[in-house]
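One structure below.
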């Protein structure tokens, strides 16, 4: 077998900044999928206690969460979390299979409204809320992180296509 050097290549292009829109590739750190049949409140409290500093918990469906962070979780921290959860939940590291990016600015709502059927109005989709949705023809998870700011989690192989759809969203 020939020796070769592995080279990391980011899934997304350079950040895009216009007058009303910013598309920013987030660090490819941690995307951890947790699946459980425990009551949401019970497990949410346990997961919150194991969040890395700067990490966030995203409830994506009944019995399912993502833990996201800009930095990877150490193997020891992953093992400690799995031990704490025991048989009550299972972890799947999705860090290499999913990509996160941020979309923000005064035109972010306009761009996203052209890509998804989610009601982006503040009362129905407040800060911290996450929704699994189609963005164009691509399945992803959309989280409101600020008044005009969102995080999108998408499968790595679709990230570039969704990035392109977001960047083209202002052109009509």
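In our numbering, the protein residues as written are 8 to 179. C-beta atoms are modelled at their ideal positions from N, C-alpha and C, and glycine is treated no differently. Every value quoted in this text rests on a predicted model; they were computed, and no experiment measured them.
Outcome for residue i when other beta-carbon atoms lying within 10 angstroms are tallied against a minimum of 16
i: residue 26; result: exposed
i: residue 97; result: exposed
i: residue 176; result: buried
i: residue 179; result: For residue 179, the predicted model reports a pLDDT of 49, less than 50, meaning its position is unreliable; a value from the coordinates is still stated below. Counting Cβ neighbours within 10 Å, residue 179 comes out exposed, since fewer than 16 surround it.
i: residue 47; result: exposed
i: residue 124; result: exposed
i: residue 149; result: buried
i: residue 118; result: buried
i: residue 192; result: Summary: the structure shown does not reach residue 192, with the chain confined to residues 8 through 179, and so no result is reported for it.
i: residue 21; result: exposed
i: residue 68; result: exposed
Residue span of the alpha helix (DSSP H) that contains residue i, given as start and end
i: residue 151; result: That residue, residue 151, is in no alpha helix (DSSP H); its beta strand (DSSP E) goes 145-153.
i: residue 165; result: 163-175
i: residue 131; result: Careful: residue 131 lies outside any alpha helix (DSSP H) and carries neither H nor E.
i: residue 55; result: 47-56
i: residue 118; result: 115-120
i: residue 77; result: Counting along the chain, residue 77 falls outside any alpha helix (DSSP H), and DSSP gives it neither H nor E.
i: residue 83; result: 82-92
C-beta atoms of residue i and residue j nearer than 7 Å
i: residue 18; j: residue 106; result: yes
i: residue 73; j: residue 38; result: yes
i: residue 53; j: residue 43; result: no
i: residue 116; j: residue 28; result: no
i: residue 145; j: residue 30; result: no
i: residue 78; j: residue 104; result: no
i: residue 161; j: residue 143; result: no
i: residue 33; j: residue 174; result: no
i: residue 138; j: residue 40; result: no
i: residue 76; j: residue 93; result: no
i: residue 95; j: residue 58; result: no
N-terminal and C-terminal residue of the beta strand (DSSP E) that residue i is part of
i: residue 101; result: Counting along the chain, residue 101 falls outside any beta strand (DSSP E), and DSSP gives it neither H nor E.
i: residue 63; result: 63-68
i: residue 43; result: 37-43
i: residue 180; result: Here the chain covers residues 8 to 179 and nothing more, so residue 180 does not appear.
i: residue 137; result: 137-142
Pair every Cβ in the segment 122-134 with every Cβ in the segment 143-161, then say whether three or more of these pairs are closer than 8 Å.
yes
Is the number of C-beta pairs between the segment 75-94 and the segment 163-171 that are closer than 8 Å three or more?
Contact fails: fewer than three Cβ-Cβ distances are below 8 Å.
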